[in-house]
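In this note's numbering, the protein residues as written are 1 to 163.
Heads up, the beta-carbon is just placed ideally off N, CA and C, and yes, glycines get one too.
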Amino acid sequence: MPEPKVASFPAIRGALKFYQVASIITGVMLLLLVAEMVLKYTPIHLELFAGGSGGPLWFAPVVEGPEGLESTGDGFNLSLFILVAHGWFYVVYLFACFRMWSLMRWPFLRLVLLALGGVIPLLSFFMETIVARDVKSYLAAREATPGPTGSAAASSSLTEGIR
Numbered sequence: 001m002p003e004p005k006v007a008s009f010p011a012i013r014g015a016l017k018f019y020q021v022a023s024i025i026t027g028v029m030l031l032l033l034v035a036e037m038v039l040k041y042t043p044i045h046l047e048l049f050a051g052g053s054g055g056p057l058w059f060a061p062v063v064e065g066p067e068g069l070e071s072t073g074d075g076f077n078l079s080l081f082i083l084v085a086h087g088w089f090y091v092v093y094l095f096a097c098f099r100m101w102s103l104m105r106w107p108f109l110r111l112v113l114l115a116l117g118g119v120i121p122l123l124s125f126f127m128e129t130i131v132a133r134d135v136k137s138y139l140a141a142r143e144a145t146p147g148p149t150g151s152a153a154a155s156s157s158l159t160e161g162i163r
């Protein structure tokens, strides 16, 4: 498997920071989305609103209508905002995953695992920790021992985490 070029190490460091931020934001948004779905689709049937007749922050009931569940609240629907925001942050997260994956030249399976971090609750936090540890140790090993032997040893430890 080809290894990253030494000239791309600054780009890898930047991609890692971007990935870490995107991973944390996406993970938090996913947890908020799960909480919102539990509130809306379990027997509780509530949505979160900001402003409107209920005050600055309030829950409005969701009722069965002819077209499915319908909101009864007025004001800014924070539940809908969480849904849309997570969708957009997930797109940014996928870009960050792809950038990290392509710069590090990891196997395709690793990209799939990274992408799942935005749809499986809490996985993005674990993946962020693993990726940061792997990338930092890889870069440190490659910079400490330049040459084919040092890079081969560093790359084999990276691929152990996905097997």
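Check your understanding: Would the stretch 43-57 and the stretch 123-140 be scored as touching if the rule is three or more Cβ pairs under 8 Å?
Key -> Touching, no, given that fewer than three Cβ pairs across the two stretches are closer than 8 Å.
Check your understanding: Do Pro4 and Met104 have their C-beta atoms closer together than 8 Å?
Key -> Their beta carbons are under 8 Å apart, which means Pro4 touches Met104 by this criterion.
Exercise for review: Compare the Cα-Cα distances from Leu30 to each of Glu143, Arg110 and His86 and report the closest residue.
Suggested key: For Leu30, the closest of Glu143, Arg110 and His86 by C-alpha to C-alpha distance is His86.
Review point. Taking just the CA atoms, how far does Trp58 sit from Val92?
Key: So the two alpha carbons sit approximately 30 Å from each other.
Point to revise | Spatial distance of Arg13 from Pro43 (CA atoms) | key: In a straight line, the C-alpha of Arg13 is about 46 Å away from that of Pro43.
**Study point:** Beta-carbon proximity list for Leu39, same chain, < 6 Å, skipping 5 on both sides
**Key:** Same-chain partners within the cutoff: Leu46.
Review point. Can Leu123 and Gly117 be called in contact, C-beta distance under 8 Å?
Key: One thing to note: Leu123 has its Cβ within 8 Å of the Cβ of Gly117.
**Study point:** Opposing strand residues paired with Ser247 [DSSP bridges]
**Key:** Any property of residue 247 remains undetermined from this structure, which presents the chain solely from 1 to 163.
Exercise for review: List the endpoints of the continuous alpha helix (DSSP H) containing Ala7.
Suggested key: DSSP places Ala7 outside any alpha helix (DSSP H), giving it a letter other than H or E.
Practice item. Ignoring anything shorter than 3 residues or poking outside the stretch 18-66, list the beta strand (DSSP E) runs there in chain order. Key: Listed in chain order, they are 46-50 and 57-65.
Check your understanding: Are the Cβ atoms of Gly52 and Gly73 separated by less than 8 Å?
Key -> Yes; because the gap between Cβ atoms is below 8 Å, this pair is in contact.
Check your understanding: Measuring CA to CA, which of Ala7, Ile25 and Tyr19 is closest to Leu114?
Key -> The shortest Cα separation from Leu114 among Ala7, Ile25 and Tyr19 belongs to Tyr19.
Review point. Exposed or buried, Trp88, counting other C-beta atoms within 10 Å across all chains shown (16 or more means buried)?
Key: It counts as exposed.
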